[in-house]
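> Chains A and B, in that order, are what the protein sequence lines are.
The numbering used here applies: residue 633 is where the first sequence begins, and numbers increase by one.
The numbering used here applies: residue 4 is where the second sequence begins, and numbers increase by one.
Glycine included, each C-beta is placed from N, C-alpha and C at the ideal position.
Owing to the predicted nature of the structure, the values given are computational and were not obtained by experimental measurement.
For reference, the structure I am asking about is given below.
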Amino acid sequence: MRITCPLCGDRDLREFTYGGAAVYMDRPGADADLDALDAYLHLRDNPAGPTEELWSHDMGCRAWLKVRRDTVTHEILGTALAAEAKRGAG
Amino acid sequence: MRLDTGGLIDRDAPLRFRFDGKGHAGLKGDTLASALLANGVRLMGRSFKYHRPRGVMTAGSEEPNALVQIGAGDQVAPNIRATQQEIYDGLTATSQNRWPSLRTDLLAVNDWLSPFLGAGFYYKTFMWPRSFWEKLYEPVIRRAAGLGALSGATDTARYDKAFAHCDVLVIGAGPAGLMAALTAARGGADVILADEDFRPGGRLNAEREEVGGLPGHLWAEETIRTLAEMDNVRIMRRTTVTGAYDGGTYGALERVGEHVGDLPDAAPVQTFWRIAARRAILAAGATERPIAFPDNDRPGVMLAGAVRAYANRWAVAPGKRIAIFGNNDDAWRTARDLAAAGVEIAAMIDTRADAAGTGDFPVHRGAVVTGTRGRLGLTGLSVEGAGGREEIAADTLAVSGGWNPAVHLTCHMNGRPVWDAAIAAFVPAENAVPGLLPAGAAAGRMTTAAALASGDAAARTALEALGAAAPTPDVPQAEDGGTAITPFWHVTGTRGRAWLDFQNDVTVKDVKLAHQENFRSVEHMKRYTTLGMATDQGKLSNIGALAVLSELTGRPIPETGTTTFRPPYTPVRIGALGAHARGSGFAPQRYTTSHEASRARGAPFIEAGLWYRPSYFPRPGETTWRESCDREVRMVRDSVGVADVSTLGKIDIQGPDAAAFLDFVYANTFSTLKPGRVRYGIMLREDGHVMDDGTTARLDDHRFLMTTTTAAAGQVMRHLEYVQQVLRPDLDVQTLSVTDHWAQFAVAGPKARDLLDSLVDEDIADAAFPFMSCGPVTVAGVAGRLFRISFSGELAYEIAVPARYGDALFRALVTRAESLEGGAYGMEALNVLRIEKGFLTHAELHGRTTPFDLGMARMVSGAKDCIGKLATTRPGLNGPEREQLVGLKPVAAGAEILPGAHLFSEGAEAVRVNDQGYVTSAGFSPTLNTTLALGFLRDGRARHGETIRMVDHLRGVETACTVCPPVFFDPEGSRVRG
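Right, dumping it as structure tokens:
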């Protein structure tokens, strides 16, 4: 598998480390209830198709990426810097 | 025997080689198979199960029978296909799976027992008694059945791995591949052309036909020369593309040194490549398939395309009198080429009554072969047709049941091939692997003209996808037509065994038995009979077996479907996949700056992650590690010790929001820390469990230096980047690992200040530099940093200098320590010192412990949010049901406490349901003259003073222990402030 890092370009999978589903970006605040925390920590969709994930380019530029990937075909549908995606989402 | 003329061999370059101890002569350009055939050797192996005599069937990587062992000693390579092995002077090959010799194999008794050894026999026969399977039946079966054997010694052969990138990867250098490479290269693409043969050209080297007015092999030679002169083309010979993977990644095995007799020491035998290709063209050709008829496995029965390949490419006639049996027009080419080479044709037998074609030899139309004769090699065959039955004398029978496109790579990502009735074979499904374009015979384009055109077209498609301009069309003229076929799979109405899978000894009858016993899905049939499960993965047998199954079930072949094709296309040695990852190449080795000095003092090293750290520093007269360790502990408690702590992670954190960032990642508060001060912190995971601990120093308002444990340095760094980029990009802060930039040494003990006073320029008296201070210092003119922190409970400092001064500083510190009756101490003593003080490591911070468990619940600040804070309030994470950190001492001083052992209440049976906790760290304390341990005990903080049983089932040790607070020594902490 190959992932296109927005900073480094097209790179082999072995340069990256998986960091979980992209829902981790939306962290519940200190005043959230425990059910919301439970959902954030443990409950995941398991889609057959496009899904969004976090990957760390830790054997490269060390950027965290938000990656859109198809779980059926393993096709990488898009990548963005996580920091920019987060700022963009406000 | 060798023909007088022709062939792509060098008659002026004779080579000597040995097969089963006998010397033979061959020529440069020969494979082991062609050279043996040239010497009249037909018997090359014994079959897997029945030990039937077998000869070579093919001229390529699909060979099921002619598997040999090459070399001797610890570099012996089993299961090498004689059809691919190039000969060299001094080559030693040995036959396999026979005893005592290839001609007289006593295990051939299995063949007589064959009525009892059909498919699945061992599932039925060896069921009882159950215990006999592992001890008796399996070893006997394994000895009797099999292929080549490993040497049993460590493989000392050298392997390599490599990476390559290209615009277009062309797989196969036959007519389609050469044309594709030429067009893609002329269009400016970076091209890799990989071919498993040592001579590119594919079937062009094996046929008598013209391309562009030249003999085919000369056109191939000329094209390769053109390609080799282009800067954007890389030609990889002897390279099999073995697998297609996600994102245009391909695995390929290059046999770098298997054809060389005197390989230089540094050169690899094989290199495994990972090739990233933006587009790939599959031009892997097609594999001819046999027809099943009784005793179709005798040496001398070969595939028709292989027989003419031996004649045309190697100028070898596999026999003196050759019969041909086929169901298609291509089989007639073999007759035509052999006749042209002056070989006697015994008969041309075609299953089709209406077969076109004539020749100056006996022709049997609408006829089939119903049996063969000859014990160690073919002597004759029976033919039945409209004219009745006829016995024909022949020493070679060339068989063709049609050709199967090499669809394998197109199926490696779940693609299923589709049936093409016109050629009675499976062809690749459309877009089965993204970016992989089949061409030529692999795509079902079976003539040379069609192969050239489709190679060109595939290259144009690739160029367009890459946004490159296509060159002017220039496809040479070539032969077209001659592919008519009427499917014919096996001869019916005969007695005797008709082989489908030659390598795993599976017959038509076995497939029928599988069907009869209800193994009717093709995947079940495969596993029941083991068809297609040998090292050739059924390249010759799969389609024939499907056809038999399809007849039995009444479902057409496309509905019967194929089994799953998986990588690798041909076997890949584990040695090649794991190249370099053995011995010291298995993992990187990280050395501290004090490594040489520590080694010079005789310290043995212990691995801590990738680091190598000294265990202890033995002194003359000390004979056990415990003696050294005890002395080093006493030395630190009584005078002064020096230890390298550079392996702890060091992270430089800078920015206006650095303090806010630390407040967010640490459970406790760092924004209130004053510059020049250090604070201990714990870091949680979002699920409320402790991730790591360590001290962080505030160097100035906007700059902190964090230390992590050695074990978690990488994990913490990645976590900080995660927090900074994924969760809090709003904070203006930057992080950088500086672990390798600084050498850092702990100087611990009552005389630590005396030692450092003599080395640093600054005033480090307690008033000026109290406990938990930090600041810049000058050490012999070098700018360093000093931290007054302690992992031993003694008056202690850690002094850091840029790594290049580490070796000198360590030597200076140890020399001065020794003058104060101190010295260096290692990991063993460091561990005992911290257990005495109840300090934590990753033995305790193992990922399942919360701040509450560790007695640190009050460190989680109520005044701010932090990672993991909310989760620490979840039910089940706080309370008497939790296993809590405790100290343990043996009731009888000197008794053993062992890490990993479990804790049970007195009187309770030591079984899982009664488990009360476990031991995480233990060691002998020379300070307190007893064993000390840390562990986790259910509701442990309420149970101090209780006696508990430690039981180590693994090592058979049981010890009564007293539960106590985890700080054993100087609980008031007065020494550290001294």
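#1: Taking only three categories from DSSP, how would you classify E824 of chain B?
#2: Please report the straight-line C-alpha distance between W628 of chain B and F568 of chain B, rounded to a whole angstrom.
#3: With the cut-off set at 8 angstroms, would you say F971 of chain B and S928 of chain B are in Cβ contact?
#4: Pick out the complete alpha helix (DSSP H) segments inside the segment 866-912 of chain B, 4 residues or longer, and give them in chain order.
#5: Check whether the segment 336-347 of chain B and the segment 428-438 of chain B touch, using three or more Cβ-Cβ pairs below 8 angstroms as the test.
#6: Which partner residues of I577 of chain B appear in the DSSP bridge assignment?
#7: Would you mind sorting G829 of chain B into buried or exposed? The rule is 16 or more other CB atoms within 10 Å of its CB.
#8: Would you list the residues sitting across from M953 of chain B in a DSSP beta bridge?
#9: Quick check on W687 of chain A - is its C-beta less than 8 angstroms from some C-beta in chain B?
#10: Classify G926 of chain B as helix, strand or coil using the three-state DSSP reduction.
#11: List the residues of chain A whose Cβ lies closer than 7 angstroms to the Cβ of P732 of chain B, in chain order.
#12: What residue ranges within the segment 787-837 of chain B form continuous alpha helix (DSSP H) runs of no fewer than 4 residues, ordered along the chain?
#13: List, in order along the chain, the chain B residues whose C-beta lies closer than 8 angstroms to that of P660 of chain A?
#14: In three-state DSSP terms, what is Q3 of chain B?
#15: With the cut-off set at 8 angstroms, would you say A799 of chain B and A746 of chain B are in Cβ contact?
#16: Could you please give the first and the last residue of the uninterrupted beta strand (DSSP E) stretch that includes N82 of chain B?
#17: For the 8 angstroms Cβ check, are there 3 or more pairs between the segment 657-667 of chain B and the segment 844-858 of chain B?
#18: Where does F135 of chain B land, buried or exposed, given buried means 16+ other C-beta within 10 angstroms?
#19: Is M416 of chain B close to the ligand NAP? I mean its beta-carbon at under 7 angstroms from any heavy atom of the ligand.
#20: Apart from the five residues just before and just after A898 of chain B, which ones in its own chain have a Cβ nearer than 7 angstroms to its Cβ?
#21: Is R498 of chain B near P297 of chain B, with beta carbons less than 8 angstroms apart?
#22: Does the structure place the segment 205-221 of chain B close enough to the segment 310-327 of chain B that three or more beta carbon pairs sit under 8 angstroms?
#23: Exposed or buried, I174 of chain B, counting other C-beta atoms within 10 Å across all chains shown (16 or more means buried)?
#24: Return yes when the Cβ of L613 of chain B is within less than 8 angstroms of the Cβ of P591 of chain B, no when it is not.
#25: Strictly below 9 angstroms CB to CB, what residues from chain B border L666 of chain A?
#26: Show which residues of chain B have a CB atom less than 9 angstroms away from the CB atom of L709 of chain A.
#27: Across which residues does DSSP place I635 of chain A in a beta bridge pair?
#28: How far does the alpha helix (DSSP H) with M720 of chain B in it reach, from first residue to last?
#29: If you measure from the beta carbon of A389 of chain B to each beta carbon in chain A, is any gap under 8 angstroms?
#30: Pull the bridge partners of C169 of chain B from the DSSP assignment, please.
#31: Buried or exposed: which applies to L709 of chain A, given that a residue is buried once 16 or more other Cβ atoms fall within 10 Å of its Cβ?
#32: Would you please state the rounded distance, in angstroms, between the beta carbons of L888 of chain B and L857 of chain B? I believe it to be under 8 angstroms.
#33: What residues from the segment 243-270 of chain B come within 8 angstroms of chain A, judged by C-beta to C-beta, listed N to C?
#34: Which of the residues in the segment 709-725 of chain B, read from start to end, lie with their CB under 7 angstroms from any CB of chain A?
#35: In chain B, which residues lie less than 7 angstroms from L681 of chain A when you measure between Cβ atoms?
#36: Can you check which of these residues, B:L901, B:E387, B:D704, B:A280, is closest to R634 of chain A by C-alpha distance?
Here's the rundown:
#1: Taking the first residue of the second sequence as position 1, residue 824 of chain B is located at position 821. It is coil, neither helix nor strand.
#2: Within the second sequence, the letter at position 625 stands for residue 628 of chain B. Within the second sequence, the letter at position 565 stands for residue 568 of chain B. Looking at the backbone, the Cα of W628 of chain B and that of F568 of chain B are separated by about 56 angstroms.
#3: Your numbering for residue 971 of chain B matches position 968 in the second sequence. Your numbering for residue 928 of chain B matches position 925 in the second sequence. Closer than 8 angstroms, so yes.
#4: Under the rule that a run must span 4 or more residues, the alpha helix (DSSP H) segments found entirely inside the segment 866-912 of chain B read 872-875.
#5: In short, these stretches do not touch, since the Cβ pair count stays below three.
#6: Taking the first residue of the second sequence as 1, we reach residue 577 of chain B at position 574. In DSSP, I577 of chain B forms no bridge with anything.
#7: Along the second sequence, one-based indexing puts residue 829 of chain B at 826. Taking all protein chains in view, the Cβ of G829 of chain B is crowded by 16 or more other Cβ atoms within 10 Å, so the residue is classified as buried.
#8: The count along the second sequence starts at 1 and reaches residue 953 of chain B at position 950. For M953 of chain B, which the question treats as bridged, DSSP gives the partners B:L906, B:T962.
#9: For this step, residue 687 of chain A is matched to residue 55 along the first sequence. W687 of chain A does not count as touching chain B.
#10: Looking up residue 926 of chain B in the second sequence gives position 923. Three-state result, G926 of chain B: strand.
#11: Your numbering for residue 732 of chain B matches position 729 in the second sequence. What P732 of chain B touches in chain A: A715, K718, R719.
#12: Runs of the alpha helix (DSSP H) inside the segment 787-837 of chain B: 809-822.
#13: Within the first sequence, numbered from 1, the residue matching residue 660 of chain A stands at position 28. Among the residues of chain B, those whose CB is under 8 angstroms from the CB of P660 of chain A are L873, following chain order.
#14: An answer regarding residue 3 of chain B cannot be provided, because it is not within the stretch 4 to 981 covered by chain B.
#15: Taking the second sequence and counting its residues from 1, one reaches residue 799 of chain B at position 796. Taking the second sequence and counting its residues from 1, one reaches residue 746 of chain B at position 743. Here A799 of chain B is not near A746 of chain B, since their CB atoms are 8 angstroms or more apart.
#16: Translated into the one-based positions of the second sequence, residue 82 of chain B becomes position 79. Per DSSP, N82 of chain B belongs to the beta strand (DSSP E) from 80-84.
#17: With the cut-off at 8 angstroms, the segment 657-667 of chain B and the segment 844-858 of chain B do not touch.
#18: Within the second sequence, residue 135 of chain B is the residue found at index 132, counting from 1. Counting the other CB atoms within 10 Å of its CB gives F135 of chain B a total below 16, which places it among the exposed residues.
#19: In the structure on display, the ligand NAP does not appear, and there are no ligands present to speak of.
#20: Numbered from 1 along the second sequence, position 895 holds the residue referred to as residue 898 of chain B. If the five residues before and after A898 of chain B are omitted, its C-beta is found closer than 7 angstroms to the C-beta atoms of T934, T962, all from its own chain and listed in chain order.
#21: As a first step, residue 498 of chain B is located in the second sequence; it is residue number 495 there, counting from the start. As a first step, residue 297 of chain B is located in the second sequence; it is residue number 294 there, counting from the start. It is a contact, given that the beta carbons lie within the stated cut-off.
#22: Segments in contact, yes.
#23: Walking along the second sequence from the start, residue 174 of chain B turns up at place 171. Buried, by the Cβ-count rule.
#24: If you number the second sequence from 1, residue 591 of chain B lands on position 588. If you number the second sequence from 1, residue 613 of chain B lands on position 610. Between P591 of chain B and L613 of chain B, the gap from beta carbon to beta carbon is short of 8 angstroms.
#25: Looking up residue 666 of chain A in the first sequence gives position 34. The contacting residues are L873, A874, T876, R877, P878.
#26: Counting from one through the first sequence, the residue named residue 709 of chain A turns up at place 77. Close to L709 of chain A, with beta-carbon spacing below 9 angstroms, lies no residue of chain B; the smallest spacing is near 12 angstroms.
#27: Position 3 of the first sequence, counted from the first residue, corresponds to residue 635 of chain A. In the DSSP output, where bridge partners are listed per residue, I635 of chain A has A:R643.
#28: The residue given as residue 720 of chain B occupies position 717 in the second sequence. Element bounds for M720 of chain B: 716-725.
#29: By 1-based counting over the second sequence, the position of residue 389 of chain B is 386. Using a Cβ-Cβ cut-off of 8 angstroms, A389 of chain B does not count as an interface residue toward chain A, since no Cβ of chain A sits closer than that to its own.
#30: Taking the second sequence and counting its residues from 1, one reaches residue 169 of chain B at position 166. Bridge partners of C169 of chain B: B:A280.
#31: One-based indexing of the first sequence puts residue 709 of chain A at position 77. Sixteen is the threshold: since fewer than 16 other Cβ atoms of the shown chains lie within 10 Å of the Cβ of L709 of chain A, the residue is exposed.
#32: The residue labelled residue 888 of chain B in the question sits at position 885 within the second sequence. The residue labelled residue 857 of chain B in the question sits at position 854 within the second sequence. Contact between L888 of chain B and L857 of chain B holds: their C-beta atoms lie close to 5 angstroms from each other, under 8 angstroms.
#33: For the segment 243-270 of chain B, which is checked against every Cβ of chain A, the residues closer than 8 angstroms are Y248, D249, G250, G251, T252.
#34: Listed in sequence order: R721, E724, Y725.
#35: The residue given as residue 681 of chain A occupies position 49 in the first sequence. A small correction: the amino acid at residue 681 of chain A is Gly; Leu does not occupy that position in the sequence shown. Within 7 angstroms Cβ-Cβ: nothing; G681 of chain A doesn't reach chain B, min ~15 angstroms.
#36: Translated into the one-based positions of the first sequence, residue 634 of chain A becomes position 2. The closest CA to that of R634 of chain A, considering only B:L901, B:E387, B:D704, B:A280, is found on B:A280.
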